[in-house]
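Numbering-wise, the numbering used here comes out as the position in the sequence shown, counting from 1, plus 490. By construction, the Cβ of each residue, glycine as well, lies at the ideal position given by its N, Cα and C atoms. The structure appears right after this line, and notes come after that.
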Amino acid sequence: MPDTLQSDLASDAVASDALARAEFDRLSVRGRAFLGTRYAILGGAMSWLSERHLVSSISNAGGFGVIACGSMPPAALAAEIAATQALTDRPFGVNLITMHPDLLDLIRVCREAKVGHVVLAGGLPRGEAVRAVKEAGMRLICFAPALVLAKRLIRGGADALIIEGSEAGGHIGPVSLGVLAQEILPYIDEVPVFVAGGIGRGEALLAFLEMGAAGAQVGTRFAAASESIAHPRFKQAFIGARARDALPSVQLDPRFPVIPVRGLANHGTERFMAHQADVIAQVMSGAITREQGQLSIEHFWAGALRRAVIDGDVENGSLMAGQSVGMVSAEQPVADIIGELVDQACDVLSRRGTGRTTRLV
Ligand SMILES: Cc1cc2nc3c(=O)[nH]c(=O)nc-3n(C[C@H](O)[C@H](O)[C@H](O)COP(=O)(O)O)c2cc1C
């Protein structure tokens, strides 16, 4: 091939890539503006995992890290926010669980630390919590499990929504992201809507942006990142797992409800089935009351995520993981994971011809 043609093709490829990246930026402009970030990618809050190191790494790599407050008391949250601010000057958010007994104090901590965005998770937020976030001038992000609730949350003051499909890791609803996105994205324009659940590659991120999403929240793919403080055995379990290994918890008897949580099957999930059977038998025999039985089932997993993430007990602990765990194939730096997602999306746009220069046609 003559040198001039080779160099023309090379510069066409560079131009095509630049235009694909500009198109990707255009598709995610609303999400980026809302978050104040280079990329419209939130690091989904993961209890025990989403602490200063992972959160600051995600923000430093151009995404939006989110601290998982979980059951932390207000003083611990204040310390975690301060430590994160010491590691990044980029925006990050805080995820608070609505049933936390000190929710209003936690919101005050976020306000005092000048956190820009608060995610209220774990159920529809009460009016006083919404008011406290709004009066503090922070942006409020809520989870919308259905269209009617999405509209109600927006009327109530939500500045952005996350729709999370049942493919996700952790506590899940019953509907897949593919269906939720069709139910909600075409009908909500008032606020940015971020998608979550099962996003493991950039092609999927691009598809949801093209459906009208403002960006995506990714959890599982970040859990085994190099900067994640998870125990090496926890990371190894993620790296070795397939999509089909990430299963929702099973409820044995409708009289004893179990909140569905998706995670990797292990000895703990087997013991949970046996525990439910045992409790049900005890209630039937009159040895314990139904309320005692329900509490015993609910307490089974108490502390179990910490045991797996921090102590590395991957046999008995809780290995919360989404189906995208099948796309976790190595321990990678956060910047590489985000870079991969962006490159995969831009490759599609580039191949499709978005940005093709006239010289190539
Ligand atoms: C180990 C783990 C812990 C999680 N903990 C929380 C949590 O404390 N609060 C929350 O709102 N979501 C939690 N999630 C959900 C994530 O924030 C995120 O929405 C979800 O992981 C996205 O789906 P994906 O895992 O398929 O990427 C957790 C997910 C995982 C995998």
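Inter-residue spacing [alpha-carbon to alpha-carbon] between D579 and G606: C-alpha of D579 to C-alpha of G606: approximately 12 Å in a straight line.
Rounded distance between the beta-carbons of A736 and K725, thought under 8 Å: Not confirmed; about 15 Å, so no contact.
N585: CB within 7 Å of a non-hydrogen atom of ligand 1: True, at least one ligand heavy atom lies under 7 Å from that Cβ.
Nearest-angstrom Cα separation, counted from F698 out to I453: Absent from the model: residue 453. The displayed extent of the chain is 491 to 851, so no value can be given.
Member of I644, R723, R621, R745 whose CA lies at the smallest distance from the CA of E680: Across the set I644, R723, R621, R745, the C-alpha of I644 shows the shortest separation from the C-alpha of E680.
Distance cut-off 7 Å: M589 Cβ against heavy atoms of ligand 1: Outside the cutoff, so no.
Test item: CB-CB of Q672 and A686 under 8 Å: Not a contact, by the Cβ cut-off of 8 Å.
Residue closest to G660, alpha-carbon to alpha-carbon, out of W791, I800, P823, I674: Nearest to G660 by C-alpha distance, out of W791, I800, P823, I674, is W791.
8 Å Cβ cutoff met for I729 and V818: In this structure, the beta-carbon distance from I729 to V818 falls below 8 Å.
C-alpha distance - G555 paired with D502, whole-angstrom precision: Going from the Cα of G555 to the Cα of D502 covers about 35 Å.
Of the residues E781, T710, R528, S506, the one placed nearest R752, counting alpha carbons only: For the options E781, T710, R528, S506, the alpha carbon positioned closest to that of R752 is the one of T710.
Q822 CB to nearest heavy atom of ligand 1 below 7 Å: Using a cutoff of 7 Å, the CB of Q822 does not count as near ligand 1, since none of the ligand's heavy atoms is closer than that.
E541 (DSSP reduced to helix, strand or coil): Coil at E541, not helix or strand.
Distance between L596 and R616 (C-alpha atoms, nearest Å): C-alpha of R616 to C-alpha of L596: approximately 14 Å in a straight line.
Sequence-distant residues of its chain with Cβ nearer than 7 Å to D592 (five each side left out): Within the same chain, and ignoring the five residues on either side of D592 in sequence, the residues whose Cβ sits closer than 7 Å to its Cβ are P563, P564.
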